[in-house]
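Right, one structure below, let's go through it.
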Ligand code: ADP
Ligand code: ZN
Ligand code: ZN
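Residue numbers (our numbering): 1155 to 1884.
Shown next as structure tokens:
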């Protein structure tokens, strides 16, 4: 037969189907080894046929690697979808479907040798034939006599190698090799508490199951019991004999979720996570592929879980930025999830307390089904929000990181035996320019987006339209010269806290403290066990934890992400504040949130402090519509990178020559077009240039054409790739 093979080289020049002849039966989805040029290489069989149109002699498949196809039929359809949508080589799509370690056969199943008594020989016969003084042999037989299966290694240890070898040689003990699972988070256990669902939860489940739409947005405030809804939906799916995928932004950041899933689904759940060892990843993947595990839980890449008969997909915290891959292949997890849901005819649930503007708009327009859980379980109040005006603190001479009200609340909190979380918003704000006295932020006149400070040339620049402005020497609003913001690090915050509360134990969680595999989990569990009264951290602690004794959350620099030079900065700020605040007062005690800011009148902060998602959405949505930013347009960045400046420039020119023609023919559809150096001109030893475009919504044809024109300009020396609505324009 003829096997149609995609070779495992992710390069557009060999992104074709090659025919090989195969003397043995081979199924689509199996991996094979084939000769390719002068080398042998792995490939994926994506189809088989009787005859080839190839004129010359076909080369043979050298080896079939899989008995059971590693790649499912659905995978093959998904591959086509991804190749069309993201313009990537087939091999790159296929690679997403397997654990990386499985390629090139690096990881094998871990086998252990086990032993049991030969069931065909009566135990009494065995015992009577053994010498009375062979205590070890008798002991081993007695041990195994009730049908036990034991590891050979353990038997050797307990009864001695000689005795076991003897028993094997007279056929009393039979041995075999079995697969052994390296189970990640093996130590994580928990008990499933059966709660009675509240009405909103029942209604939500009903709505998901009965809607004729594929996608449901579950908008439920923090603490409204979304997790329980997910668990029930998964359970129902399993009861129907189907499988489920549940995505969370970062599994190690959500120990409660892990505990609950393990407690509810035991070994039926497989945890896929980037921190796993190669062996653990392989085992979990295999358990799913073999149908032993039926629920896949994990971050972004778990959307590719090799489950058949899929009955449900859940994406928790759907607004989270981690669902969009920012390195090749650049895919949006929601696209993949929608594809899989439609392919399998199953439901997709997107859950969030702060849905992204794009998703909520789809729910409002009727494309998605909308389920709302507007209150916390048992009508527990959302925490009270106190705004601390840091301009006043500065004027009062308080230059510490803590406002007086936060200091007071902290004191009250720890004295009553409760716990507090101090949150620092530390993402890339050093480039932003703020007045520390009045809160003024330097923004682009064309885009209403915060400007970035560039030390080279000492100027301010808008990353979206390229406009440059002179660096300010004084605030245009109040004349103050305190116009450069210098941020505080977590370490300094911890030191300041220690000075204020010398008797309290304080935990810190950021990238520096969590380099080890289960580091996040350890710190969060320690805090959960009340081993410290204050937890200080960055973005990592904003996610969905449920610490019942936290009654105070302090947000040190609530406005910092407003300054992020991104059209989504308002959205991000609203989400972040709501999420962090949601950690407070989840149990019996009332919660308090102190929000420190230099811009107390900022509308985004107002909406966040009053929990007004709808108000936030309306404002943000109309702003996007007026300024023509996504979802009312698509931002497209063609990146050109090369180690040699000259090569990059040559490619930039040829890319631009092609695109400018397209631009000239479709001027009405383009809101912006410019070629320029990237804001970071050199990164990881590569010169970087870009063509930045903004295109009116609903122009998939144009976007497709841009891909087709730009990507082939990649050369052996220069890389060309495209980013859609990138979250980082550096
Ligand atoms: P969310 O994910 O919406 O923030 P959770 O699922 O974490 O909320 O639920 C908040 C708390 O309410 C948890 O402690 C959870 O165990 C509890 N809970 C959820 N559903 C119920 C219920 N029906 N009855 C009682 N408690 C519940
Ligand atoms: Zn000012
Ligand atoms: Zn601009």
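Don't be surprised by glycine CBs; every beta carbon is placed ideally from N, CA and C.
Proximity to residue 1750 [Cα-Cα], best of 1731, 1761 and 1738: 1731
Cβ-Cβ distance between residue 1269 and residue 1224 below 8 angstroms: no
Spatial neighbours of residue 1531 in its chain, beta-carbon cut-off 7 angstroms, leaving aside the 5 residues before and after: Leaving aside the five residues that flank residue 1531 on each side, the residues in its chain whose CB is nearer than 7 angstroms to its CB run, in chain order, 1352, 1377, 1378 and 1379.
beta-carbon residue 1416 near ligand 1 non-hydrogen atom, thresh 7 angstroms: no
Local Cβ density within 10 Å of residue 1830, reported as buried at 16 or more and exposed below that: exposed
N-terminal and C-terminal residue of the beta strand (DSSP E) that residue 1826 is part of: 1824 to 1837
Other residues of its chain near residue 1354: CB distance less than 6 angstroms, five sequence neighbours each side excluded: 1527
DSSP-derived helix/strand/coil call for residue 1645: helix
N-terminal and C-terminal residue of the beta strand (DSSP E) that residue 1691 is part of: 1688 to 1691
Beta bridge counterpart(s) of residue 1570 as assigned by DSSP: When beta bridges are read from the DSSP output, residue 1570 appears opposite no residue.
Enclosing alpha helix (DSSP H) for residue 1498 [first to last residue]: From DSSP, the alpha helix (DSSP H) with residue 1498 extends over 1487 to 1498.
Any chain B beta carbon closer than 8 angstroms to residue 1506: Of the protein chains in this structure there is only one, and it is not chain B.
Under 8 angstroms between C-beta atoms of residue 1148 and residue 1724: A question about residue 1148 goes unanswered here, because the residues of the chain that appear run from 1155 up to 1884.
Buried versus exposed call for residue 1244 [16 or more other C-beta atoms within 10 Å across all chains shown]: buried
Chain-order list of residues whose beta-carbon lies under 7 angstroms from that of residue 1342 (same chain, five-residue window excluded): Here the model assigns residue 1342 a pLDDT of 49, short of 50, so the residue's position is not dependable, and the following value carries that caveat. The residues are 1412, 1413 and 1416.
Inter-stretch contact at 8 angstroms, needing at least 3 Cβ pairs: the segment 1447 to 1457 / the segment 1842 to 1850: no
Entirely enclosed alpha helix (DSSP H) segments - the segment 1477 to 1563, minimum 4 residues: 1487 to 1498, 1511 to 1518 and 1544 to 1549
Residue 1390 Cβ short of 7 angstroms to ligand 1 heavy atom set: no
DSSP three-state assignment for residue 1674, whether helix, strand or coil: helix
Contact set for residue 1765: own chain, Cβ-Cβ below 6 angstroms, skip 5 residues either direction: 1536
CB of residue 1833 within 8 angstroms of CB of residue 1615, strictly: Yes, the pair counts as a contact, with Cβ atoms nearer than the cut-off.
Distance, residue 1883 Cα to residue 1165 Cα: 26 angstroms
Alpha-carbon to alpha-carbon, residue 1356 and residue 1383: 8 angstroms
Selected residue, minimal CA-CA separation from residue 1156, among 1203, 1171, 1182 and 1181: 1203
Euclidean distance between Cα positions of residue 1216 and residue 1799: 43 angstroms
Integer Cβ distance of residue 1574 from residue 1687, believed to fall under 8 angstroms: 7 angstroms
Helix, strand or coil at residue 1806 according to DSSP, with G and I counted as helix: helix
Ligand 2 heavy atom lying under 7 angstroms from the CB of residue 1594: yes
Counted within 10 angstroms of its Cβ, other Cβ atoms place residue 1570 as buried (16 or more) or exposed: exposed
Spatial distance of residue 1464 from residue 1372 (CA atoms): 20 angstroms
Classification of residue 1316 by the beta-carbon crowding that lies within 10 angstroms, buried from 16 upward: exposed
Bounding residues of the alpha helix (DSSP H) (the contiguous stretch that carries residue 1245): Here the alpha helix (DSSP H) through residue 1245 covers 1244 to 1249.
Rounded straight-line distance, which links the Cα of residue 1739 to that of residue 1367: 35 angstroms
CB of residue 1741 within 8 angstroms of CB of residue 1702, strictly: It is a contact, given that the beta carbons lie within the stated cut-off.
Limits of the unbroken beta strand (DSSP E) element including residue 1203: 1193 to 1203
Residue 1376 beta carbon near ligand 1 (any heavy atom closer than 7 angstroms): yes
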